[in-house]
Amino acid sequence: MNKMLEKNGIPPVRDLLEQIVEMGGHLWGCKMTVDLMGLRQNMMFKGVSGIITAPDFIKKSEDAQIIFI
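Here this note's numbering is used: the first residue of the sequence shown is 6, the next is one more, and so on.
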């Protein structure tokens, strides 16, 4: 995937995630996906604020200006 991104002039995903956090954005892991894949927060990108459920995400994003899922 990184080679495809590079070929098309798109920065690596890690760089994009770092930019989101640097600009004050928040990253949340989906609890159902994390559970399904047997992951833990310490295995994720360090900028992930936490692992939350879909209803929790809806509550957190009620007053958000931009939501990217």
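Backbone N, C-alpha and C define an ideal beta-carbon position, used for all residues, glycine too.
Quick check: residue i and residue j, are their CB atoms within less than 8 Å of each other?
i	j	result
Gly34	Val53	yes
Val39	Ile56	yes
Ends of the beta strand (DSSP E) at residue i?
i	result
Leu32	32 to 35
Ile57	53 to 57
Between the Cα of residue i and those of the options, spot the shortest distance and give me the residue it belongs to.
i	options	result
Asp1	Met48, Gln70, Lys36	For residue 1 there is no data in the structure shown, the boundaries of the chain being 6 and 74.
Identify the continuous alpha helix (DSSP H) that holds residue i and give its terminal residues.
i	result
Met48	Met48 -> no alpha helix (DSSP H), and no H or E assigned at all.
Glu1	Coverage of the chain is limited to positions 6 through 74, which leaves residue 1 absent and any answer about it impossible.
Met4	Given that the chain is displayed from residue 6 to residue 74, the structure contains no residue 4 and the question cannot be resolved.
Q. Between the region 14 to 24 and the region 46 to 63, are three or more C-beta pairs nearer than 8 Å?
A. Counting Cβ pairs under 8 Å, three or more are found: they touch.
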